[in-house]
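Visitor: Just dropping this structure here.
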Amino acid sequence: MLRLARSRDWAALCGYGLFIGMMAAGYYYNLTFVQLGLEDFGTRVLGLSAAAVARDMALLALLTCVVSIAFGWWMQRRGWGRRFRLKLRLALAVVLAQAVLTLVCPLVQTEAAFLAWLAAVSLALGVGVPAMFSLPVDLIPARARGEAAALITASAYCAANLLPSAWTFEVFRSQALLMLLAGGVGLGVLAFVRHPWLEQLAGQHRRPEYGIGRFLRTAGAGAPRLRGRMAGMITVMFGIYFVDSLGFLRLLKTPIYMDSAWQSADFDVRLFIAGVHVIGALLAGVLYPALRLRGLFLWIFGVFALAHLQYGFHIRLESINAVLSMPMLYALAVSLYTVVNFALWADISTPDTIPLNSALGVALSGWTATFLSTALAIHWGEQLSLARHIQIVDALAMLCFLALLLVIFFSPARATKRSALP
189 MLRLARSRDW AALCGYGLFI GMMAAGYYYN LTFVQLGLED FGTRVLGLSA
239 AAVARDMALL ALLTCVVSIA FGWWMQRRGW GRRFRLKLRL ALAVVLAQAV
289 LTLVCPLVQT EAAFLAWLAA VSLALGVGVP AMFSLPVDLI PARARGEAAA
339 LITASAYCAA NLLPSAWTFE VFRSQALLML LAGGVGLGVL AFVRHPWLEQ
389 LAGQHRRPEY GIGRFLRTAG AGAPRLRGRM AGMITVMFGI YFVDSLGFLR
439 LLKTPIYMDS AWQSADFDVR LFIAGVHVIG ALLAGVLYPA LRLRGLFLWI
489 FGVFALAHLQ YGFHIRLESI NAVLSMPMLY ALAVSLYTVV NFALWADIST
539 PDTIPLNSAL GVALSGWTAT FLSTALAIHW GEQLSLARHI QIVDALAMLC
589 FLALLLVIFF SPARATKRSA LP
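To get this note's numbering, take the position in the sequence shown, counting from 1, and add 188.
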């Protein structure tokens, strides 16, 4: 950002800020209102059983995934990945639809109405994923995507820790409405007003530093291809999201861990956790372009495993007072993987392939994993003890860590290098 300011490239700088603001607001909305607020709405406001809410949230995840992949495929087939203004208009339509749905949510009184409402939410979210996650090829150069992802993550998690006065549906809804209405006005101006800066942004995807991702290389007649397998990246990110939500949703129902950390009455404690999120995000923004993804994934799984191991020991010892290092490590791991998620899919894409690639990556790894694990965590809340639940999550984190370690150790490159040694 400083480099753009020094060169007085105000159009590119505004595009940079536009993407960071849009994605930070969108992630805050999904993190608070959709994931946490709707679970509270189903159980406390509608009075549904935990099993019913778990089933409904799983349907939300699967339907969003299907819509996202289908619309991403349609965008790619129509060549919409190169049409900046059209993507802005799609984003505007999504924001307006979410605002209306958020506004009318209190009118939902039955589970049948709740399911119909969730189906409409899934449609809006499914369209929003490929539309918004395909904007980096227009707005963020590949060398700066780690930095942009760090600022998105830091902003969203800092706000999520400091702004809500209580983690309830009503609080999340009022904040979401203000954010969506303001965002709708801003996007409406950008989507339809003609300005030289917007014309410049609409053509930036043609420049190699914007249109060619970090993990692509030119092969043969110049056709870019992946360095690695996208399926492997999706699988690893799925595991990270799954482990995170499966553990955190159970901790959310445990007062000793919430009241002393994320929902503490002491503002300094919440400020500390928000600060850890910010520091973790900025560190990830530095590490993302500097390290190979496998090494970064190892750090993420390792920190998650250590955090859950601390919770497991704390539960077994039946300690009364929680230790602040537990949410600190958890916040650090969450910030690390969120930065990777916001930067990765554009870095394995071109303007032609980013709608489908981002839809596959975000829908399969992010949405599906998050809400399937959310549903499982709600179901396990009635079936398993806290100690057993956290023990399983910690085992999954360690299993993923060790599996990734074995993949790295026995990779073909290392095998070739070892065979070449005398």
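For glycine and all other residues, C-beta sits at the position ideal for the given N, C-alpha and C.
#1: What are the boundary residues of the alpha helix (DSSP H) that V550 is part of?
#2: Hey, out of V309, P539, P384, S513, whose CA is closest to R394's CA?
#3: Shorter than 8 Å, the distance from the beta carbon of F207 to the closest heavy atom of the ligand GTP, or not?
#4: Can you have a look at I508 and say buried or exposed, based on whether 16 or more other CB atoms are within 10 angstroms of its CB?
#5: What's the gap between the Cα of G372 and the Cα of D228?
#6: Which residues mark the beginning and the end of the alpha helix (DSSP H) in which Q392 is found?
#7: By how many angstroms is the C-alpha of R504 removed from the C-alpha of L386?
#8: Taking just the CA atoms, how far does A534 sit from S322?
#9: For my contact list, V431 and L584 are in at a C-beta cut-off of 8 Å; report their separation, rounded to the angstrom.
#10: Taking 6 Å as the limit between beta carbons, can you name the residues of its chain near G316, skipping five residues before and five after?
#11: So, do the segment 329 to 347 and the segment 435 to 447 have three or more beta carbon pairs nearer to each other than 8 Å?
#12: Distance, Cα to Cα, S433 vs L313?
#13: Leaving aside the five residues before and after A240 along the sequence, list all residues of the same chain whose C-beta is less than 8 Å from its C-beta, in chain order.
#14: So what does L351 bridge to, in DSSP terms?
#15: Beta-carbon within less than 7 Å of G435's beta-carbon, same chain only, minus the 5 sequence neighbours each way: which residues are those?
#16: How far does the alpha helix (DSSP H) with L375 in it extend, from its first residue to its last?
#17: Any idea if A213 is buried or exposed, counting beta-carbon neighbours within 10 angstroms, 16 or more meaning buried?
#18: Give the DSSP-derived three-state secondary structure of F597 in the structure shown.
#19: Counting only beta-carbon separations shorter than 9 Å, does V292 have a partner in chain B?
#20: Exposed or buried, what is H383 when buried is set at 16 or more other beta-carbons lying within 10 Å of its beta-carbon?
#21: Give a yes or no on whether the C-beta atoms belonging to L593 and L486 are separated by under 9 Å.
#22: Just list the alpha helix (DSSP H) runs in the segment 486 to 560, keeping only unbroken ones of 4 residues or longer that don't cross its boundaries, in chain order.
#23: Rounded to whole angstroms, what's the CA-CA distance from A390 to T541? Just pull it up for me.
#24: Does the structure place the segment 263 to 281 close enough to the segment 299 to 309 that three or more beta carbon pairs sit under 8 Å?
#25: Can you tell which of E397, G500, F360 has the C-alpha that lies nearest to the C-alpha of A332?
#26: Taking all protein chains shown into account, do 16 or more other C-beta atoms lie within 10 angstroms of the C-beta of V464, making it buried, or fewer, making it exposed?
#27: Identify the continuous alpha helix (DSSP H) that holds L250 and give its terminal residues.
#28: Got a sec? Which residues, its chain only, sit under 8 Å from Y204 by beta carbon, not counting five neighbours each side?
#29: What is the DSSP secondary structure of A453, reduced to helix, strand or coil?
#30: For F221, I'd like the list of residues in its chain whose CB is within less than 6 Å of its CB, leaving aside the five on either flank, ordered along the chain.
#31: Measuring straight from C-alpha to C-alpha, what distance separates S217 and F589?
#32: Taking buried to mean at least 16 other C-beta atoms within 10 Å of its own C-beta, is M255 buried or exposed?
#33: Answer yes or no: do L206 and F302 have a C-beta to C-beta separation smaller than 9 Å?
#34: Quick check on this structure: which residue in M514, P543, L248, G490 has the alpha carbon closest to the alpha carbon of A591?
#35: How about A249 and T556: do their beta carbons lie closer than 9 Å?
Guide: Straight from the coordinates:
#1: It is not in any alpha helix (DSSP H) - V550 carries neither H nor E in the DSSP assignment.
#2: Checking every option, the nearest Cα to that of R394 belongs to P539.
#3: The ligand content of the structure shown is nil, which means the ligand GTP is not present either.
#4: exposed
#5: Rounded to the nearest whole angstrom, the CA to CA distance from G372 to D228 is 26 Å.
#6: Note, Q392: premise wrong, no alpha helix (DSSP H); not H, not E.
#7: 58 Å
#8: 7 Å
#9: 5 Å
#10: Residues V282 of the same chain have their beta carbon placed closer than 6 Å to that of G316, with the five preceding and five following residues left out of the count.
#11: no
#12: 19 Å
#13: G230, E299
#14: Looking at the DSSP assignment, L351 forms no beta bridge with any residue, so it has no partner.
#15: If we look at G435 and ignore the five residues flanking it on each side, its Cβ neighbours are H496, I578, V581.
#16: Residue range 357 to 380 is occupied by the alpha helix (DSSP H) that includes L375.
#17: Around the beta carbon of A213, 16 or more other beta carbons lie within 10 angstroms, which makes this residue buried.
#18: helix
#19: Checking the listed chains, one finds no chain B in this structure; it contains a single protein chain.
#20: exposed
#21: Yes.
#22: 513 to 532, 542 to 548
#23: 17 Å
#24: no
#25: It is E397.
#26: The residue is buried, with at least 16 neighbouring Cβ atoms inside 10 Å.
#27: 238 to 266
#28: Hits under 8 Å: M189, L192, L327, I328, A332, A336.
#29: coil
#30: F360, A364
#31: Reading off the sequence shown, one finds Tyr at residue 217, where the question assumed Ser. Approximately 30 Å, taken between the alpha carbons.
#32: Sequence inspection shows Val at residue 255; the Met mentioned does not correspond to that position. V255 comes out buried.
#33: no
#34: G490
#35: yes
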